[in-house]
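Note sheet for the following structure.
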Amino acid sequence: MSASRTELIEWINELLSLNYTKVEQCGNGAAYAQVIDSIYGNVPMSRINYAAKHEYESVANFKILQTAFQRNRIDKPIPVDRLVRCKMQDNLEFLQWLKKFWDANYAGDGYDADTRRAAAPSRAGSAAGMAGRRQSMGARTGTPSRQSTASRQSTVPAVPRTQTGPRPSAAARPTSGPRPSTTGTTSAHRTATSSSSTANAGARRMSVARGGLAPRNASANAAAISNETIIQLTQEMDEMKVSVDSLERERDFYFGKLRDVEVLVQDRLSELEAALKHAEDDASSLNLESDTLKRIQSVLYQTEEGFELPDVADQRLKFSHTMITTSLRWGISSTRPLYRSVSQGRTSLLQRAYVSPTSRSPLATVAHEAKQSSRVANEDQDHDAHPVSREEIFSRAIEGNWSERPANRPIYLDAQSTTPTDPRVLDAMLPFYINQYGNPHSRTHAYGWETETAAEQGRQHIAELIHADPKEVIFTSGATESNNMAIKGVARFYKARKNHIITTQTEHKCVLDSCRALQEEGFEVTYLPVQSNGQIDLNELKAALRPTTSIVSVMTVNNEIGVIQPIQEIGHMLKTYGAELAKELGRGTPKPFFHTDGAQALGKIPIDVNDAGIDLMSMSSHKLYGPKGIGACYVRRRPRVRLEPIITGGGQERGLRSGTIATALAVGFGEAARLAKENMSYDHAHISALAKRLQDNITSRVDMVLLNGDPKGYPGCINLTFQYIEGESLLMALKDICLSSGSACTSASLEPSYVLRALGLDDANAHSSLRFGIGRFTTEQEIDFVCDKIVAVVNRLRELSPLWEMVQDGIDLKSIEWSG
Numbered sequence: 001m002s003a004s005r006t007e008l009i010e011w012i013n014e015l016l017s018l019n020y021t022k023v024e025q026c027g028n029g030a031a032y033a034q035v036i037d038s039i040y041g042n043v044p045m046s047r048i049n050y051a052a053k054h055e056y057e058s059v060a061n062f063k064i065l066q067t068a069f070q071r072n073r074i075d076k077p078i079p080v081d082r083l084v085r086c087k088m089q090d091n092l093e094f095l096q097w098l099k100k101f102w103d104a105n106y107a108g109d110g111y112d113a114d115t116r117r118a119a120a121p122s123r124a125g126s127a128a129g130m131a132g133r134r135q136s137m138g139a140r141t142g143t144p145s146r147q148s149t150a151s152r153q154s155t156v157p158a159v160p161r162t163q164t165g166p167r168p169s170a171a172a173r174p175t176s177g178p179r180p181s182t183t184g185t186t187s188a189h190r191t192a193t194s195s196s197s198t199a200n201a202g203a204r205r206m207s208v209a210r211g212g213l214a215p216r217n218a219s220a221n222a223a224a225i226s227n228e229t230i231i232q233l234t235q236e237m238d239e240m241k242v243s244v245d246s247l248e249r250e251r252d253f254y255f256g257k258l259r260d261v262e263v264l265v266q267d268r269l270s271e272l273e274a275a276l277k278h279a280e281d282d283a284s285s286l287n288l289e290s291d292t293l294k295r296i297q298s299v300l301y302q303t304e305e306g307f308e309l310p311d312v313a314d315q316r317l318k319f320s321h322t323m324i325t326t327s328l329r330w331g332i333s334s335t336r337p338l339y340r341s342v343s344q345g346r347t348s349l350l351q352r353a354y355v356s357p358t359s360r361s362p363l364a365t366v367a368h369e370a371k372q373s374s375r376v377a378n379e380d381q382d383h384d385a386h387p388v389s390r391e392e393i394f395s396r397a398i399e400g401n402w403s404e405r406p407a408n409r410p411i412y413l414d415a416q417s418t419t420p421t422d423p424r425v426l427d428a429m430l431p432f433y434i435n436q437y438g439n440p441h442s443r444t445h446a447y448g449w450e451t452e453t454a455a456e457q458g459r460q461h462i463a464e465l466i467h468a469d470p471k472e473v474i475f476t477s478g479a480t481e482s483n484n485m486a487i488k489g490v491a492r493f494y495k496a497r498k499n500h501i502i503t504t505q506t507e508h509k510c511v512l513d514s515c516r517a518l519q520e521e522g523f524e525v526t527y528l529p530v531q532s533n534g535q536i537d538l539n540e541l542k543a544a545l546r547p548t549t550s551i552v553s554v555m556t557v558n559n560e561i562g563v564i565q566p567i568q569e570i571g572h573m574l575k576t577y578g579a580e581l582a583k584e585l586g587r588g589t590p591k592p593f594f595h596t597d598g599a600q601a602l603g604k605i606p607i608d609v610n611d612a613g614i615d616l617m618s619m620s621s622h623k624l625y626g627p628k629g630i631g632a633c634y635v636r637r638r639p640r641v642r643l644e645p646i647i648t649g650g651g652q653e654r655g656l657r658s659g660t661i662a663t664a665l666a667v668g669f670g671e672a673a674r675l676a677k678e679n680m681s682y683d684h685a686h687i688s689a690l691a692k693r694l695q696d697n698i699t700s701r702v703d704m705v706l707l708n709g710d711p712k713g714y715p716g717c718i719n720l721t722f723q724y725i726e727g728e729s730l731l732m733a734l735k736d737i738c739l740s741s742g743s744a745c746t747s748a749s750l751e752p753s754y755v756l757r758a759l760g761l762d763d764a765n766a767h768s769s770l771r772f773g774i775g776r777f778t779t780e781q782e783i784d785f786v787c788d789k790i791v792a793v794v795n796r797l798r799e800l801s802p803l804w805e806m807v808q809d810g811i812d813l814k815s816i817e818w819s820g
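Numbering (the UniProt record's numbering), first residue to last: 1 to 820.
In structure tokens:
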């Protein structure tokens, strides 16, 4: 089948209307079962629970559907596991999957669902039929021309949209949806109606068939439908009109974005034509913009299969997926208009503009750009001062012109302290602030059930990111609480037999302070030094282990220098050598537990808690483009890690962390984790390229710049020392760039960074260091701007420094005895 996406949606709309299916039933599997049954006729619809509310009921529906597929031996069955976990509740996503399904399994043998129901052929016959379809599919070439809606509908009698006679009373009207009934009369009536509607559905389905599907005898099917049945169908459709209209509005909204781009391009081309007529000077820039717009227009018109982007060598059309964010941030005097439009629930396109790394569509980015700028122009004319026109924003996105920047929006390069919330994350969170506001721990009503399901879905996404079981993920308020819970909880639980803790000198402040607090309680703590590159010496760790060591805490990625510790080697050492030492205390004594602060590593580098032997891991949402105020702690269940909770109360989170889960935050954290897993390879490549660009640009133009940490560390965290310059002075001179001279948790202190001191830097060099945090939404233009600014400021400050003058004269500053 090669129907276009528009035809596919129209057909599904008709099918849902004809079978009385409400859009709300898609989540529990009933709608999907009806769609597949109308194609193959092999789903036992009498076993489908249309009123499924709980997960186990939906799972039962999907298992029935899966069994039907296995009976047909279909090559690429529906992804039941994804449907069960509610990852495909978006109807448009299901339609896209359905088109791929038809392409893979349909090849034009005139398969008749009604005949299939009547004949009920054997499994062998099903296999043979499918083999024939596969063979026919392999020989299929070309794409037939599109059929118009009118020609498709001419083959079947139209179902009237309005009722001609008087409307029956509510008691006389049938209920919407083919739900099971306890009365024989209603059941028989629905059976007859379902049979007739299925026949009509088959006629409608075949009327939109393209190429490989032979048209079915639509007139014979239509003749079987009596006038009485048509009236009943009309009544049913009237009752579900809102649901059908909602699906149609969603379809129009989706395709309306591309139409907006088309209008925007046409308007701008008209303006350029007028400008070119009156251009007296060089009009090359106008011609360049006109050519670019014409190429975008050609992309819009090139195919009927869904606006696919052709191979374009011109870099002007190769948009980064972050350009939209940057253009909105720089082109609008305030970010509030963007989030105001988001809060009104109009970010459906935004979800589709940010696609997977292998198919990220520049056109979708431009579509979102145009629509968002249009909203700003229409909704916020009185907001702040002088918003930039949508044409100008669109032009900037095309040309990549980022030179004009509002003074109140500096460049953000502090991704280690926090990251901006991804708009897709905000989109997922908003329903739980507006409509779905129930307490996830309320088990007696639907509000609690739906929020519990959403929170558990977020937990599932986080677990999948680190290859853990969802039951091992404990929600907390952030990484600080997770670190406290893990270190203090384990140490206090096993304090009767074990009182020794090992950590490093470069850990986060909350880890070090937790260890100092335990020292005051009588615990012994070993603070391991680090090498010049920031990594620990594994031999020193092995020497520090004792039979009484209860927990070893080593950060995965350092928040100041980006060094990546040898996590797998540490985990293996504790499993083997640590376990042998623990046997000295008697049989059954657990090995030293391995805790890692993974706040800076989560979603940025691959983490498998099982392969690495991690027993506890602290995680944070706002370091992952998620919301602030929520984190998580991974606590292994097999072998079980016991810990003493530091927050007690209602016993939530397996009794380890009491308190009501913030559903919206949990959903946002989960969505951020899902996006991080999906885009990790792209993000890493993007950030690595920008990091190399920044480092090469600065070091090639400025002398005496040192890289602190391991060159093979996480590329998004670059710590540079600009010798003979005070770091605070450099920061004050870079007011339009957001940087840090150290950890965000300790940057208020005038003391030099303890992390840099642990590397062996003296106070002067530690004070002269800056940390550059590059993230998902950083652009090349921002990096170039920052490099130019830093080079200019460093040269100016060094000209004012007497120390720099002495160094230039060849004087060794270490040989000078400074007076006290």
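Every residue gets a Cβ at the ideal spot worked out from N, C-alpha and C, and that includes glycine. Just so we're clear, the structure is a prediction, and the values are computed from it rather than from any experiment.
Limits of the beta strand (DSSP E) - the one that residue i falls within
{"i": "E726", "result": "Here E726 belongs to no beta strand (DSSP E), and DSSP marks it neither H nor E."}
{"i": "F772", "result": "769–773"}
{"i": "I551", "result": "549–553"}
{"i": "Y50", "result": "Unbroken run through Y50: none, as it is neither H nor E."}
{"i": "N708", "result": "705–708"}
{"i": "E524", "result": "524–528"}
Outcome for residue i when other beta-carbon atoms lying within 10 angstroms are tallied against a minimum of 16
{"i": "P529", "result": "exposed"}
{"i": "P711", "result": "exposed"}
{"i": "K604", "result": "buried"}
{"i": "I732", "result": "Residue identity check: residue 732 is Met in the sequence provided, not Ile. Under this definition M732 is an exposed residue."}
{"i": "I811", "result": "exposed"}
{"i": "I332", "result": "Because the pLDDT at I332 is just 30, under 50, the model does not fix this residue reliably, and the value given afterwards should be weighed accordingly. So I332 ends up on the buried side."}
{"i": "S769", "result": "buried"}
{"i": "S740", "result": "buried"}
{"i": "V263", "result": "exposed"}
{"i": "D611", "result": "exposed"}
Contact set for residue i: own chain, Cβ-Cβ below 6 angstroms, skip 5 residues either direction
{"i": "Q147", "result": "Per-residue confidence for Q147 stands at a pLDDT of 36, beneath the threshold of 50, marking its modelled position as unreliable; the derived number appears in the next sentence. So the list is empty, once near-sequence residues are dropped."}
{"i": "P752", "result": "D763, A766, H767"}
{"i": "A68", "result": "N42, V43"}
{"i": "V425", "result": "G626, G668, E671, A672"}
{"i": "T778", "result": "L690"}
{"i": "I64", "result": "R47"}
Within 8 angstroms, strictly: CB atoms of residue i and residue j
{"i": "L545", "j": "Y577", "result": "yes"}
{"i": "G571", "j": "C717", "result": "no"}
{"i": "I466", "j": "F785", "result": "no"}
{"i": "G727", "j": "H686", "result": "no"}
{"i": "residue 821", "j": "L734", "result": "Given that the chain is displayed from residue 1 to residue 820, the structure contains no residue 821 and the question cannot be resolved."}
{"i": "K575", "j": "G613", "result": "yes"}
{"i": "H500", "j": "T549", "result": "yes"}
{"i": "A415", "j": "G775", "result": "yes"}
{"i": "L643", "j": "A479", "result": "no"}
{"i": "S618", "j": "S482", "result": "yes"}
{"i": "T596", "j": "T556", "result": "yes"}
{"i": "V755", "j": "N558", "result": "yes"}
{"i": "Q565", "j": "I536", "result": "yes"}
{"i": "C738", "j": "L413", "result": "yes"}
{"i": "I474", "j": "R654", "result": "yes"}
Bounding residues of the alpha helix (DSSP H) (the contiguous stretch that carries residue i)
{"i": "D597", "result": "Element bounds for D597: not the alpha helix (DSSP H) but the beta strand (DSSP E), 593–597."}
{"i": "M806", "result": "802–808"}
{"i": "T480", "result": "479–493"}
Neighbourhood of residue i by C-beta, 8 angstroms cutoff - its chain only, sequence neighbours within 5 removed
{"i": "S801", "result": "Y724, I725"}
Cβ shell of residue i (< 7 angstroms), same chain only, five flanking positions each side left out
{"i": "A468", "result": "V609, Y634"}
{"i": "S195", "result": "Residue placement at S195 cannot be trusted, given a pLDDT of 41 that sits under 50; the coordinates are not used to answer."}
{"i": "N533", "result": "V563, G709, D710"}
Three or more C-beta pairs closer than 8 angstroms, one from the stretch 669–678 and one from the stretch 455–469: is that the case here? yes
If we count Cβ pairs, one from each stretch, closer than 8 angstroms, do we get three or more for the stretch 439–454 versus the stretch 585–605? no
Under 8 angstroms: do the stretch 286–293 and the stretch 266–274 share three or more Cβ pairs, one atom per stretch? yes
Is the stretch 676–686 close to the stretch 511–521, with three or more CB pairs under 8 angstroms? The answer is no - the stretch 511–521 does not touch the stretch 676–686, with fewer than three Cβ pairs under 8 angstroms.
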